[in-house]
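Counting in my numbering, the sequence shown runs from 95 upward without gaps. Even for Gly, the Cβ is constructed at its ideal location relative to N, Cα and C. Computed from a predicted structure; not experimentally measured. Have a look at the structure below, then the notes.
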Amino acid sequence: MKLTHEDFLDETKEGKKLYSYQKGAIDKIFAAFDEAKENYRLLYQLPTGGGKTVIFSEIVRQYLSNHNKKVLIMTHRVELSKQTSNMLTEFGVVNKVINSTANLDDQDEYVCYVAMVETLNNRLQDDKLDISDVGLVIVDEAHYNSFTKLFKYFENSFLLGVTATPLSSNIKLPMNENYDELITGETIDALIENEFLASGNTYSYNVGLTSLEVGANGDYTVKSSEDLYTTGDMLSKLMQAYEERSKGKKTLIFNNGINTSLHVYDAFSYAGYPIMHLDNTATKKQRRAILKWFHETPDAILTSVSILTTGFDEPSVESIILNRATKSLTLYYQMIGRGSRIFKNKTTFDIIDLGNNFHRFGPWGADLDWQKIFRSPNYYLDNLLDDEELESHFSYDMPEALREQFSKSEDVSFDIKKAYTESVRAGESSKVILERSIDQHARICVENSEDVYDALELAKQLGDDIDFRIMRYSKCISKSTHNFLNWLKDDYRLKLRSHLRLNFDEIFEDIHGFPPPEDDE
Numbered sequence: 095m096k097l098t099h100e101d102f103l104d105e106t107k108e109g110k111k112l113y114s115y116q117k118g119a120i121d122k123i124f125a126a127f128d129e130a131k132e133n134y135r136l137l138y139q140l141p142t143g144g145g146k147t148v149i150f151s152e153i154v155r156q157y158l159s160n161h162n163k164k165v166l167i168m169t170h171r172v173e174l175s176k177q178t179s180n181m182l183t184e185f186g187v188v189n190k191v192i193n194s195t196a197n198l199d200d201q202d203e204y205v206c207y208v209a210m211v212e213t214l215n216n217r218l219q220d221d222k223l224d225i226s227d228v229g230l231v232i233v234d235e236a237h238y239n240s241f242t243k244l245f246k247y248f249e250n251s252f253l254l255g256v257t258a259t260p261l262s263s264n265i266k267l268p269m270n271e272n273y274d275e276l277i278t279g280e281t282i283d284a285l286i287e288n289e290f291l292a293s294g295n296t297y298s299y300n301v302g303l304t305s306l307e308v309g310a311n312g313d314y315t316v317k318s319s320e321d322l323y324t325t326g327d328m329l330s331k332l333m334q335a336y337e338e339r340s341k342g343k344k345t346l347i348f349n350n351g352i353n354t355s356l357h358v359y360d361a362f363s364y365a366g367y368p369i370m371h372l373d374n375t376a377t378k379k380q381r382r383a384i385l386k387w388f389h390e391t392p393d394a395i396l397t398s399v400s401i402l403t404t405g406f407d408e409p410s411v412e413s414i415i416l417n418r419a420t421k422s423l424t425l426y427y428q429m430i431g432r433g434s435r436i437f438k439n440k441t442t443f444d445i446i447d448l449g450n451n452f453h454r455f456g457p458w459g460a461d462l463d464w465q466k467i468f469r470s471p472n473y474y475l476d477n478l479l480d481d482e483e484l485e486s487h488f489s490y491d492m493p494e495a496l497r498e499q500f501s502k503s504e505d506v507s508f509d510i511k512k513a514y515t516e517s518v519r520a521g522e523s524s525k526v527i528l529e530r531s532i533d534q535h536a537r538i539c540v541e542n543s544e545d546v547y548d549a550l551e552l553a554k555q556l557g558d559d560i561d562f563r564i565m566r567y568s569k570c571i572s573k574s575t576h577n578f579l580n581w582l583k584d585d586y587r588l589k590l591r592s593h594l595r596l597n598f599d600e601i602f603e604d605i606h607g608f609p610p611p612e613d614d615e
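The following block contains the structure:
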């Protein structure tokens, strides 16, 4: 006997408790389908952590209760298929997962299927799955374009795509070409205000990215990213950022490249921090063991390569480190979203940005006009600042621990660009800029020292500031070959030390109004 739809709905269950904004979203979605033609394609946006799976699971339950047709949910990852199937079960919806090993002999006995996109594509091409009676298709993580090749099979079905970021992963295939309408859900700010999400504290460390190259997919290539992020300078900056902001907190580090992640693992292991590395070459057993360790270890650090951007939920994460740059708004939000879940007493989390992503996209949770982005994605993408323009607005921020050593100085900054503009207007040689910069560095070193030896020690701590100033100077004079920059940096350090030795007494007296005390010896 063939079972009915009702046989696959546990009537004793009404699903999990829905929040008012989730109920409102469901009502809007059904209203849109009720007024639309049969093959209508609707896109629904809701931030990570807002409960997209809960919403579409309840949609499935209600749809099957009121329609004599089947439902198909498409995902792009094995983990998402399992999570979706489990959530449907919690809502009382009996479902069948169609994976590479699934036996389809009993497919007529089910009215709800969950399938990975590639597996589904193979089964449909082999004509092994009957989809003639599918009335509703739901596409999870709809911004991935791998799904669109299957749309031709569902010309007579309602299609609902769900995503946190309605911006296509492929700029050549905008989402407005595949979906008729976008419905937006609650904003990140609203979810934070109503205590559904934790709020993020962002700390951005300026990084020179002009060496990065953009690949065919529109994002930075793995090779150019690895060349930059495996350098000693970048690993030191990462370690500094961790120790300043994340030390002792459960931390996720995202990298663009396995080699980078392994370098990160080695650096943190050597420093004695509890860290594991995970990438897509790990076996299922290894992955389970690593994630179990991460879940159970309060101050654990997990360094990974994209694999945890979707289908991974660990609410106890307290710190997200973006040890990479990306041109993908979707990836930016996915990575940060891993830390946004509410957990016990956790109401905030930290976002450490080492890829200028904050400057490129704005703060996580900014009031983005998703409707405008959906309608005109190219306009949005074309107006993102390129790396050179981004870096032209940077200023050097001295780390807190170092700033304490210069606590007697009211201001430790020096604007190279402003100094260059003033020197050009005055008809001076550009070399006076670095001379004035050295004078200012020498002054703050003397201001915070008792003798020349203290000042020379402080000067050694100014390496990052010196390098930043040299980079700004090289851009002003439009000369930035690798050898020239290295020579400038070395020359600057030599001149600063020489200036301190020759002029310490004079600078000290100018600052204090009296000469430095004589050595007792």
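The beta carbon of Tyr426 is closer than 7 angstroms to those of Thr420, Asn451, Phe455 in its chain, skipping five residues each way along the sequence.
Beta-bridge partners assigned by DSSP to Arg563: none are found. Beta-bridge analysis with DSSP links Met370 to Leu396. The distance from the Cβ of Ala513 to that of Arg530 is about 6 angstroms, consistent with a contact at the 8 angstroms cut-off. The C-alpha of Ser398 is placed about 9 angstroms away from the C-alpha of Met370. Inclusion of Glu129 and Asn250 in the CB contact set at 8 angstroms is not warranted, their separation being larger than that value. Each of Ala376, Thr345, Ile414 was checked against the Cα of Glu390, and the nearest Cα belongs to Thr345.
By the criterion of at least three beta-carbon pairs nearer than 8 angstroms, the stretch 181–198 is not in contact with the stretch 318–333.
Distance from the CA atom of Glu485 to the CA atom of Met429, rounded to whole angstroms, is 23 angstroms. Taken in chain order, the unbroken stretches of beta strand (DSSP E) that lie wholly in the stretch 173–238 and span 3 residues or more are 190–192, 206–210, 228–234.
Residue pairing for Phe348: DSSP places it in a beta bridge opposite Ser398, Leu416. By the Cβ neighbour-count rule, Pro609 is exposed, with fewer than 16 other Cβ atoms within 10 Å of its own. By the Cβ test, the stretch 590–601 is in contact with the stretch 533–546, since at least three Cβ pairs between them sit closer than 8 angstroms.
DSSP places Asn162 in the coil class of the three-state scheme, outside both helix and strand.
Distance between His453 and Val301, taken at the CA atoms: about 11 angstroms.
Here Ser470 has no same chain residue with a Cβ atom under 7 angstroms from its own Cβ, once five neighbours each way along the sequence are excluded.
Ranked by Cα distance from Asp585, the options Cys570, Glu173, Gly557, Arg155 are led by Gly557.
Contact between the stretch 133–140 and the stretch 206–219 is not established, with fewer than three Cβ pairs separated by less than 8 angstroms. Non-local C-beta neighbours of Val228 in its own chain, meaning closer than 6 angstroms and more than five positions away in sequence, comprise Lys164, Leu166, Ser251, ordered along the chain.
The beta carbon of Thr315 is closer than 6 angstroms to those of Glu307, Gly309 in its chain, skipping five residues each way along the sequence. For Val308, the three-state secondary structure derived from DSSP is strand. Here Lys146 is actually not in contact with Val233; their C-beta atoms are around 11 angstroms apart, not less than 8 angstroms. Taking 8 angstroms as the cut-off, the Cβ atoms of Ala292 and Phe443 count as close. Burial state of Tyr473 is exposed, judged by a 10 Å Cβ sphere holding fewer than 16 other Cβ atoms. Looking at the DSSP output, Gln139 bridges to Thr257, Thr278.
Per DSSP, the beta bridge partners of Ser298 are Asp447. Per the coordinates, the alpha-carbon of Thr242 lies some 22 angstroms from the alpha-carbon of Ser400. Each residue's CA atom was taken as its position, placing Asp360 and Arg587 some 31 angstroms apart. Residues of the same chain with a CB within less than 8 angstroms of the CB of Ile605, apart from the 5 flanking positions on each side, are Arg537, Val540, Glu541 in chain order. Taking C-beta atoms as the reference points, Ile415 and Tyr336 count as a pair closer than 8 angstroms.
Distance from the CA of Ser194 to the CA of Thr213, rounded to the nearest whole angstrom, comes to 6 angstroms.
Secondary structure at Ser262: coil, using DSSP grouped into helix, strand and coil. Phe437 has Lys440 as its beta-bridge partners, per DSSP. Of the candidates Ser262, Leu223, Ala258, the residue whose Cα lies closest to the Cα of Phe248 is Leu223.
Looking at the DSSP output, Tyr473 bridges to nothing. Nearest to Gly279 by alpha-carbon distance, out of Tyr157, Ile120, Leu158, is Ile120.
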